[in-house]
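A.B. asks: Sharing a structure here in structure tokens format.
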Amino acid sequence: MPMKIAVIGAGPAGMAFALAAARGGETVTLYEQKEALGRKLLVTGSGRCNLSNHAVSAGVYTCPDPSWLAQTLEAMPPEALLATLDGWGIPSFATPDGWVYPLSESAGAVVAILEEQLRNAGVILRVATRVKRFERSRGGGGWKLHLDGPDAPSAACDHLVLASGGRAYPRLGSDGALFPLLRELGHTVRPPLPALGPIYAELGAFAALKGQRFDARTAIYAGEELLGSSEGNLIVIAEGFNGPGVMNLSHLVGVHGSQALSLSLDLLGTRRKRLEQGLMSARCSLGALLSMFFAPKAVPVLLQMAGLQPHKHVGQLNMREGMALVKGLSDLRFKVSGAGNFENSQVKVGGVAVNEVHPVTMRSLKLPELSLVGEVLDVAGPCGGYNLHFAFASGILAGKAFAAPGL
Ligand SMILES: Cc1cc2nc3c(=O)[nH]c(=O)nc-3n(C[C@H](O)[C@H](O)[C@H](O)COP(=O)(O)OP(=O)(O)OC[C@H]3O[C@@H](n4cnc5c(N)ncnc54)[C@H](O)[C@@H]3O)c2cc1C
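Here the sequence shown is numbered in our numbering, starting from 1020 and rising by one per residue.
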């Protein structure tokens, strides 16, 4: 006898669950409060949908229990996820640095294929239908859902799957409104904080470089204590910095918000030795020397911040000034004034405690007729396909667990 399963949320996690469970023979209804499926999925990877990453491993995620996450990722590593997506009609490729995209490079195509597959598998789609709340059915066994949508105001199911996402980008659907209900049901929910967003800082003269991009190592410090670091491309914005190189650190500002934080940019990286050599032997102005390393617009600003004149000859620099210049360019400090909010951050840290959920079947260890998948859980990855990997992987594992109940 197939089980009646209700899924709340048609993001990647909910759709992956619904498809895997329906193909295993279960009767699945998917409730989505937006008028269409996969609204957030549509904008991922700037519309190209960065689905996974070959460097997926528990250590790169922010999760209070990495050993829990390691079991999930071991059960659904990138090769297994990509093979499943391929079987659903979503073949993919990886860039040389391991970021995985669909062959179509179109998030729109991914959503369209998933919707077609869901319909073919017989999943009942209830869009524009918000699940306001849910409660255990009278007499136990299953759930009653209270709905706000075009059809009946309530529904019943044997098993409930929470795939309602986190709190980031609420205009695309995930607003965190069900977290209090999960707390009432006995689950621990770490308060969500925005992650993968801009970091705001007092830029000083650097503000003149608004719009300029740098490849840099970024670090966040509380005093001299290193809280975290990241490497990658960043862009200077009016209020601070954005782009993958800083987004991976933005949650640290929320987590350590009460402390005085500074952001350090290492603009030299492996080129540091080359600059040191140049300072010892180049026969040109400082401006000309730095133009070998930075865009022309950046050179006068960087020298101004170091208190040096662009036309000064390299040979006129004393040892102390040379060392200060190199140090400044490899540890350019800015006072942090804040970070992005839920409106402009891609994910959240926090959510339902993972140790209250089975790491492979995603069943609640507190309520056996409940499963939780995707960003509703306390798992957040950096930029690069890690969040979609977890959303798809947890959904598929939970859906397959119905076909193989021994899991
Ligand atoms: C701009 C942007 C770009 C991103 N790019 C990438 C990327 O390239 N690669 C990557 O790995 N990650 C990316 N992410 C993160 C990724 O999109 C999310 O981590 C992922 O979508 C989470 O999947 P989910 O299914 O758990 O939740 P969501 O995708 O948030 O889906 C949850 C769904 O549940 C619905 N819902 C919520 N509550 C209810 C309710 N009460 N009743 C009915 N429906 C409800 C919501 O409307 C929503 O559709 C990006 C995020 C953003 C905002």
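Glycine included, each C-beta is placed from N, C-alpha and C at the ideal position.
Please read all numbers here as calculations on a predicted model, not as lab measurements.
Could you tell me whether the Cβ atoms of N1337 and W1087 are closer together than 8 angstroms?
C.D. replies: Taking the first residue of the sequence shown as position 1, residue 1337 is located at position 318. Taking the first residue of the sequence shown as position 1, residue 1087 is located at position 68. No, the Cβ-Cβ distance between N1337 and W1087 is not below 8 angstroms.
A.B. asks: Can you grab the Cα-Cα spacing for the pair E1258 / S1123, in whole Å?
C.D. replies: The residue given as residue 1258 occupies position 239 in the sequence shown. The residue given as residue 1123 occupies position 104 in the sequence shown. Spanning the two alpha carbons is a distance of roughly 35 angstroms.
A.B. asks: For A1102, name the three-state secondary structure that DSSP assigns.
C.D. replies: Sequence index remark: in the sequence shown, residue 1102 carries index 83 (1-based). In the structure shown, A1102 sits in a helix (DSSP, three-state: H, G or I).
A.B. asks: Determine the burial state of G1334: buried for a count of at least 16 other Cβ atoms within 10 Å of its Cβ, exposed for fewer.
C.D. replies: The residue given as residue 1334 occupies position 315 in the sequence shown. With fewer than 16 other Cβ atoms within 10 Å, it is exposed.
A.B. asks: Determine the burial state of G1404: buried for a count of at least 16 other Cβ atoms within 10 Å of its Cβ, exposed for fewer.
C.D. replies: As a working note, residue 1404 is residue 385 in the sequence shown. Burial call: buried.
A.B. asks: Which residues mark the beginning and the end of the beta strand (DSSP E) in which P1213 is found?
C.D. replies: Within the sequence shown, the letter at position 194 stands for residue 1213. Note, P1213: beta strand (DSSP E), V1208 to A1214.
A.B. asks: Taking one C-beta from the segment 1025-1035 and one from the segment 1410-1419 each time, how about it: are there three or more such pairs within less than 8 angstroms?
C.D. replies: Touching, per the Cβ criterion.
A.B. asks: Output the distance between the C-alpha atoms of L1305 and E1394, rounded to the nearest integer angstrom.
C.D. replies: For the purposes of this step, residue 1305 is identified with residue 286 of the sequence shown, where counting begins at 1. For the purposes of this step, residue 1394 is identified with residue 375 of the sequence shown, where counting begins at 1. Those two C-alpha atoms are separated by around 49 angstroms.
A.B. asks: Can you round the beta-carbon distance between S1269 and S1364 to whole angstroms, since I take them to be within the 8 angstroms contact cut?
C.D. replies: The residue given as residue 1269 occupies position 250 in the sequence shown. The residue given as residue 1364 occupies position 345 in the sequence shown. Confirmed, about 6 angstroms.
A.B. asks: Compute the minimum distance between the beta carbon of H1408 and the heavy atoms of ligand 1, and state whether it is under 7 angstroms.
C.D. replies: For the purposes of this step, residue 1408 is identified with residue 389 of the sequence shown, where counting begins at 1. H1408: yes, Cβ under 7 angstroms from ligand 1.
A.B. asks: By alpha-carbon positions, which one of R1042, F1112, A1131 and S1076 ends up nearest to L1060?
C.D. replies: The residue given as residue 1060 occupies position 41 in the sequence shown. Of the candidates R1042, F1112, A1131 and S1076, the one whose C-alpha sits nearest the C-alpha of L1060 is A1131.
A.B. asks: State the CB to CB distance for the pair A1358 and V1272, rounded to an integer number of angstroms; the pair is presumed to be in contact (CB under 8 angstroms).
C.D. replies: Position 339 of the sequence shown, counted from the start, is the residue given in the question as residue 1358. Position 253 of the sequence shown, counted from the start, is the residue given in the question as residue 1272. Confirmed, Cβ separation roughly 4 angstroms.
A.B. asks: Does the distance from the C-beta atom of N1069 to that of L1407 stay below 8 angstroms?
C.D. replies: Walking along the sequence shown from the start, residue 1069 turns up at place 50. Walking along the sequence shown from the start, residue 1407 turns up at place 388. Going by C-beta atoms, N1069 is nearer than 8 angstroms to L1407.
A.B. asks: Short check: CB of C1176 to CB of K1023, under 8 angstroms?
C.D. replies: What you label residue 1176 is simply residue 157 of the sequence shown in a count that begins at 1. What you label residue 1023 is simply residue 4 of the sequence shown in a count that begins at 1. Contact: yes.
A.B. asks: Just reading off the beta strand (DSSP E) that P1121 is part of, what are its end residues?
C.D. replies: Here residue 1121 refers to the residue found at position 102 of the sequence shown. Note, P1121: beta strand (DSSP E), W1118 to P1121.
A.B. asks: Should A1055 and G1117 be called a contact, given that it needs their Cβ atoms to be closer than 8 angstroms?
C.D. replies: As a position in the sequence shown, residue 1055 is number 36, starting the count at 1. As a position in the sequence shown, residue 1117 is number 98, starting the count at 1. Result no, Cβ atoms of A1055 and G1117 do not sit closer than 8 angstroms.
A.B. asks: To the nearest angstrom, report how far apart A1039 and P1115 are at their CA atoms.
C.D. replies: One-based indexing of the sequence shown puts residue 1039 at position 20. One-based indexing of the sequence shown puts residue 1115 at position 96. So the alpha carbons of these two residues sit roughly 30 angstroms apart.
A.B. asks: Measuring only the C-alpha atoms, how far is A1126 from A1171?
C.D. replies: The count along the sequence shown starts at 1 and reaches residue 1126 at position 107. The count along the sequence shown starts at 1 and reaches residue 1171 at position 152. Roughly 32 angstroms separates the two Cα atoms.
A.B. asks: Tell me which residues share the same chain as E1388 and place their Cβ nearer than 6 angstroms to its Cβ, disregarding the 5 neighbours each side in the sequence.
C.D. replies: Position 369 of the sequence shown, counted from the first residue, corresponds to residue 1388. If we look at E1388 and ignore the five residues flanking it on each side, its Cβ neighbours are H1178.
A.B. asks: Tell me, to the nearest whole angstrom, how far the beta carbon of L1137 is from that of L1049; I am working on the premise that it is less than 8 angstroms.
C.D. replies: Within the sequence shown, the letter at position 118 stands for residue 1137. Within the sequence shown, the letter at position 30 stands for residue 1049. The Cβ separation is near 7 angstroms, so the contact holds.
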